[in-house]
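These protein sequence lines are chains Y and V, in that order. Numbering-wise, my numbering puts 112 at position 112 of the first sequence, and it's gapless, one number per residue. Numbering-wise, my numbering puts 96 at position 96 of the second sequence, and it's gapless, one number per residue. Just so it is clear, CB atoms sit at the ideal spot from N, CA and C, and this is done for glycine as well. Computed from a predicted model, the values in this text were never measured in an experiment.
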Amino acid sequence: MSDDQKTIAQDKERWYKAQVEKTLARFPERKEQFTTNSGMPVDRVYTPADVNVNYTGDLGFPGEFPFTRGVQPTMYRGRFWTMRQYAGFGTAEESNARYKYLLNAGQSGLSVAFDLPTQIGYDSDSPMAEGEVGKVGVAIDSLADMEILFDGIPLDKVSTSMTINAPASVLLAMYIAVAEKQGVPSTKLAGTIQNDILKEYAARGTYIYPPAPSMRLINDIFAFCAEKVPNWNTISISGYHIREAGSTAAQEVGFTLANGLSYVRAAMAAGLDVDTFAPQLSFFFNAHNDFFEEVAKFRAARRLWAKIMKEEVGAKNPKSWMLRFHTQTGGSTLTAQQPMNNIVRVALQAFAAVCGGTQSLHTNSMDEALALPTEQSVMVALRTQQIIAYESGAAETIDPLAGSYYVESLTNTIEAEARAYIDRIIGMGGSVKAIETGYMQREIQDSAYRHQRQVESGERVIVGMNKFQTKEDAPKNLLRVDMSVQASQAEKIKAVKARRDNAAVAAALAELRIAAQGTANLMPPILAAVKSYATLQEICDVMRDVFGEYRPSEEF
Amino acid sequence: MEKKIRVLVAKPGLDGHDRGAKVVARAFRDAGFEVIYTGLRQTPEQIAEAALQEDVNVVALSILSGAHNTLLPRTVLALKERGMDDVLVVGGGVIPAEDIPGLKSAGVAEVFTPGTPTGTAVEYIRSHVGE
């Protein structure tokens, strides 16, 4: 502690005796203990004596190591974050119309939601897809659907994020093939595939294959894109779903960066030079309710990743040290009760993401605890971002909360807690081991259950839900997905299978099988199969056959 | 001593959101029920088969994927086909209010929507099992 800090600490002690004790004697505080949303203790007041920050080493400048203040030198003064609303439902035609609606409303990038059969590698006519087709996203069965999905959308002008994991290689191949038909070379494509299988095992559930072949597919994508799709984010290492499943802020950072490190180590073990693929890694975080904790979380994540990549992994390219991330506001914080209140929750969460330096942002719609959002509620959500961008002032300077004693203290605490989780996971042998033994899942579930108990005891107040309730009518005008989607998709698959060259499909799938059995990069044969109009499931089934399927052990 | 209530907590369909299912499973266990959790991606037939094997009193279905109108009635049907007409079937998740009457007429006894305290579901099961 510096002399200055000692003086301030003594003065704080004096203030406590002179002021606080007297006040407390007459007016006790609202609670015995104050904590952040994640349960970290919160002091009455923060001073320079409560936080150790070495400006140059711990904060530095935007665009420079350790990137605590941001990854770009001018941040939102140059260009706002990408406003990217996750959308997709029903058929490719319906989703294409929603994308055009959003682009016309001023959205700057696309974010594709796929339905669950697509995410798990089943065609719409599979018995496994019964009831699920087009429900939580768009149904894509073959290149023919993808051509419709991006019809009239110039792929050299927009960037596209696709929430796809186990079959990420197939959907990326379809995107490349559609672009080619538009005359756009793959080197010009910009976007992201989520491609983060570890968090699927830990929290989100759309896995197909066991960990080893899944990690191989990811390595193959890294290697392929480094050469052929250099402006593509090859993975979006996601804390979002870990947080949604119930984790704390520090667990979100710790588990996500541990997973990131596991991908880096796996790719290096497969012979890739870290600086060829690491600049294409991206991240995805949640923006939850506790504004200061969230801002600190984003800053801590950036600093910690930079240190890991530079000092532990030994990456040389500064781009390899940068944690660039997308943010989505916290879906699990939304209430079905008094849904208009969700607009305010989303605004506060989005403001935290912006003050935390996000590269792109999805704001949830007010009706998402009830159903997929309507066009009207999506518009309010997008307008929320535009109000923050143009009216709040938060985008005019970089990292506006730096130097807040409280925020810097939280940043240090979250970094230290996340680091402890990472060290523990490294000690277990990495993320795959930590997931296979159920460690991450247990930690997340314990936090989720603690949260639920606090809500039910009233210790944690959720406005409109367990306090300030009002009598409400059932909400009307929710978006409904037409039940005929499954039948119309099945018809389309039939038509595709009738008009394609089935001998060429069989040959492409045979090539893929040979590649899967060996060690060659899987992307070229997948791309060839996609171009022959093999369906998603036909491609995934070849790999299911060779790789097997993941079967978790379930605990609660 | 009274026989413990046996509950199968199940995730029908492809939905991967299991936070709710696991929280509810734990709350049921804390309430003294014997709980079996199926894990993800169960077809209605697999769920009914598990219910039969485990000889449960209650099947609690958690679903957030929007496929409830298809999968919940199919699960009820699959239970009936196995002679388990007396099993109490309840559901929970992101289920719009206007879908609930249809689900009830298909044999789902009660549907718990977001924000329901786990205690409400526990009390419901206690007062309806064996009726």
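Within a 10 Å sphere around the beta-carbon of residue 468 of chain Y sit fewer than 16 other beta-carbons, which makes this residue exposed. Proximity of chain Y to residue 71 of chain V at the Cβ level (cut-off 9 Å) is accounted for by 130, 131, 132, in chain order.
Residue burial is scored here from C-beta neighbours: residue 252 of chain Y has at least 16 other C-beta atoms within 10 angstroms and is therefore classed as buried. In the three-state DSSP reduction, residue 455 of chain Y falls in the helix class (H, G or I).
Between residue 109 of chain V and residue 79 of chain V, the gap from beta carbon to beta carbon reaches 7 Å or more.
Identification of chain Y residues near residue 118 of chain V by a Cβ-Cβ cut-off of 7 Å yields 452, 456, ordered along the chain. The beta carbon of residue 348 of chain Y sits closer than 8 Å to the beta carbons of 289, 291 from its chain, once the five residues preceding and following it are set aside; these are given in chain order. Among the residues facing chain V, residue 539 of chain Y is not included, as its CB has no counterpart in that chain under 7 Å away.
Separation of residue 74 of chain Y and residue 381 of chain Y (C-alpha to C-alpha, rounded to the nearest whole angstrom) is 26 Å.
Linking residue 515 of chain Y to residue 525 of chain Y through their CA atoms gives a straight-line distance of about 7 Å. Under the Cβ distance rule, residue 40 of chain V counts among the residues neighbouring chain Y, one pair being separated by less than 7 Å. Your pair residue 275 of chain Y and residue 315 of chain Y checks out as a contact, with CB atoms roughly 6 Å apart and the cut at 8 Å. At least one C-beta of chain V is nearer than 7 Å to the C-beta of residue 204 of chain Y. The region 82-146 of chain Y contains, as complete alpha helix (DSSP H) runs of 4+ residues, the segments 92-104, 116-119 (chain order). The closest CA to that of residue 24 of chain V, considering only V:40, V:86, V:10, V:105, is found on V:10. By alpha-carbon distance to residue 285 of chain Y, the top candidate from Y:346, Y:454, Y:326 is Y:326. With fewer than 16 other Cβ atoms from the protein chains shown falling within 10 Å of its own Cβ, residue 26 of chain Y counts as exposed.
In the structure shown, residue 46 of chain Y adopts coil according to DSSP, grouped into three states. Annotated three-state conformation of residue 318 of chain Y is helix, per DSSP.
Positions of the alpha helix (DSSP H) runs, each at least 4 residues long and wholly inside the region 392-426 of chain Y, cannot be given because no such run exists. Here residue 270 of chain Y carries a coil assignment [DSSP, helix/strand/coil]. Under a criterion of Cβ atoms nearer than 7 Å, the residues of chain V adjacent to residue 478 of chain Y are, in order, 96.
Residue 36 of chain Y has its alpha-carbon roughly 39 Å from the corresponding atom of residue 69 of chain V. Taking 8 Å as the Cβ-Cβ cut-off, the region 86-114 of chain V approaches chain Y at 94, 96, 97, 98, 113, 114, given in chain order.
Taking 4 residues as the shortest admissible run, the region 8-52 of chain Y contains the following complete alpha helix (DSSP H) segments, listed from N- to C-terminal end: 21-26.
Distance between residue 176 of chain Y and residue 204 of chain Y, taken at the CA atoms: about 26 Å.
Here residue 34 of chain V carries a strand assignment [DSSP, helix/strand/coil]. Counting C-beta atoms within 10 angstroms of its own C-beta, residue 1 of chain Y has fewer than 16 neighbours from the protein chains shown and is therefore classed as exposed. Residue 443 of chain Y carries a helical assignment under DSSP once its states are collapsed to helix, strand and coil.
By the criterion of a C-beta distance shorter than 7 Å, residue 12 of chain Y is surrounded in its chain by 47, 49, once the five residues flanking it on both sides are discounted. In terms of Cα proximity to residue 4 of chain Y, the closest of Y:417, Y:51, Y:33 is Y:51. If you look at residue 191 of chain Y, you'll find it isn't in any alpha helix (DSSP H); it sits in the beta strand (DSSP E) that goes 191-193.
Inter-segment contact for the region 259-270 of chain Y and the region 14-30 of chain Y is absent: fewer than three beta-carbon pairs are separated by less than 8 Å. Contact annotation: the region 326-337 of chain Y touches the region 226-245 of chain Y, with at least three C-beta pairs closer than 8 Å. Put simply, the backbone Cα of residue 187 of chain Y is about 30 Å away from that of residue 69 of chain Y. Taking 7 Å as the Cβ-Cβ cut-off, the region 111-127 of chain Y approaches chain V at 116, 117, 120, given in chain order.
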